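Asker: Numbering (our numbering), first residue to last: 6 to 214.
Cβ coordinates follow ideal geometry from the N, Cα and C atoms, glycine included.
In this text, all values refer to a predicted model and were calculated from it rather than measured experimentally.
Here it is, the structure, as C-alpha cells.
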Ligand code: HEM
Ligand code: HEM
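In C-alpha cells:
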C-alpha cells in the first residue's frame with residue numbers, strides 16, 4: 006500500500022532550491038572566471054535571495070520564516086537529540102534546518118554583495134560601481150609605488166592595489182561552502198533519523214504525513 010503523503014514544499018521553494026544549488030556550484034567553481042558566467046551565477050543567487058526573502062513573509066505556511074524560526078534553545082536541543090536518534094520529526098524545516106536556512110541566506114547574501122563590491126573596486130563595473138571607489142587601476146598604482154606581479158597573479162596582470170573586497174569575498178565564499186557541507190550532513194542525519202528521503206521531498210515537494 007502506498008504511504009499517505011502531504012504537500013510541504015511549494016514549487017518556488019523547490020525550483021529555487023535546485024537552481025540555487027546549481028548557481029552556487031557554478032559561481033564557486035568558476036572562481037571569478039569567466040567573468041560573465043561567474044557574475045551571471047552570482048546575480049542569479051542575489052535575485053533569488055530577494056524573491057525568497059519576500060516569499061518568507063507572503064508564501065505558503067512551510068515557506069514562511071515564522072514557521073521555521075525557533076529559539077536557540079530549541080535549535081541546540083534538536084542538535085543534541087539528532088545523533089542519538091531522538092530528535093522530533095518536523096514536516097517543515099526542523100529547528101536546526103531553519104537556523105541553517107537563515108545562515109545560508111545571510112552568507113550567500115554576503116558573498117554576492119562582496120562579489121559586486123569587488124567588481125566595482127577592480128573594474129569600476131556592476132551595480133555598486135557608483136558607491137565603491139575603483140582601487141585596482143593603473144591610475145591608483147601610479148600614485149603609489151608601482152607594483153609589478155611577476156605573472157604569479159593570473160587575474161591582475163600587473164595592476165596595483167588589491168582590494169580588501171577580494172579577501173572579504175573569498176572568506177564569505179568559503180564560509181558559504183562550509184555551511185553547505187554542514188547543510189548536507191544535517192540533511193543526511195535527519196533523513197536517517199526519521200527514515201525518510203529528504204532530498205527527494207525537495208524534488209517532489211511531498212513528505213510522509
Ligand atoms: C546536492 C546537494 C543538496 C541537497 C541534497 C540539499 C537538500 C536539501 C533539503 C532536503 C532541504 C530541505 C531541508 C528540510 O527538510 O528542512 C534543503 C533546504 C535548503 N537548502 Fe539544500 N541541498 C543541497 C544543496 C544546497 C546548496 C548548494 C545550497 C546553497 C548554496 C542549499 C541551500 C538550501 C536552502 C536555502 C534551503 C531552504 C529552502 C527554503 O526554505 O527555501 N542547498 N536542501
Ligand atoms: C554568491 C555567489 C558567489 C560565489 C560562491 C563566489 C565565489 C567566488 C570565488 C570562490 C572567487 C575566487 C576568490 C579568490 O580565490 O580570490 C570569486 C572571485 C570573484 N568574484 Fe565571486 N562569487 C559569487 C558572487 C559574485 C558576484 C555576484 C560577483 C559580481 C557581480 C562576483 C565577482 C567576483 C570577482 C570580480 C572575482 C575576482 C576575480 C579575480 O580574481 O579578479 N562574485 N568569487
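Cα-Cα, which of 182, 8, 206, 123 is closest to residue 40?
Answerer: Numbered from its first residue, the chain shown carries residue 40 at position 35. Closest option to residue 40, Cα to Cα, is 123.
Asker: Just to confirm the assignment: which complete alpha helix (DSSP H) runs, minimum length 4, are found wholly within the stretch 42-79?
Answerer: For the stretch 42-79, whole alpha helix (DSSP H) runs of length 4 or above, ordered along the chain, are 70-73.
Asker: Which residue from 44, 12, 7 puts its Cα closest to that of residue 208?
Answerer: In the chain shown, the residue the question calls residue 208 occupies position 203. The shortest Cα separation from residue 208 among 44, 12, 7 belongs to 12.
Asker: If we ignore side chains and look at the alpha-carbon of each, how far apart do residue 134 and residue 126 end up?
Answerer: Locating residue 134 in the chain shown gives position 129, counting from the first residue. Locating residue 126 in the chain shown gives position 121, counting from the first residue. Distance between the alpha carbons of residue 134 and residue 126: 7 Å.
Asker: So, for residue 109: in the same chain, excluding its five sequence neighbours on each side, which residues have a beta-carbon less than 8 Å away from its beta-carbon?
Answerer: Along the chain shown, one-based indexing puts residue 109 at 104. Here the set comprises 181, 184, 185, 188.
Asker: What runs of the alpha helix (DSSP H), each 4 residues or longer, lie entirely inside the stretch 89-141?
Answerer: 100-128
Asker: Name the residue from 175, 101, 10 whose alpha carbon lies nearest to the alpha carbon of residue 78.
Answerer: Walking along the chain shown from the start, residue 78 turns up at place 73. Comparing Cα positions, the closest option is 101.
Asker: Should the stretch 196-208 be regarded as contacting the stretch 19-26, the criterion being three or more beta carbon pairs within less than 8 Å?
Answerer: With a cut-off of 8 Å, the stretch 19-26 and the stretch 196-208 count as touching, because enough Cβ pairs lie within range.
Asker: Considering only the beta carbon of each residue, do residue 29 and residue 115 sit closer than 9 Å?
Answerer: Residue 29 sits at position 24 when you count from the first residue of the chain shown. Residue 115 sits at position 110 when you count from the first residue of the chain shown. The answer is no: Cβ separation not under 9 Å.
Asker: Which residues count as close to ligand 1 when the rule is a CB under 7 Å from any of its heavy atoms, in chain order?
Answerer: 18, 21, 22, 25, 26, 29, 30, 57, 68, 97, 98, 99, 102, 106, 109, 110, 113, 181, 185, 188, 189, 192, 195, 203, 204, 206, 207
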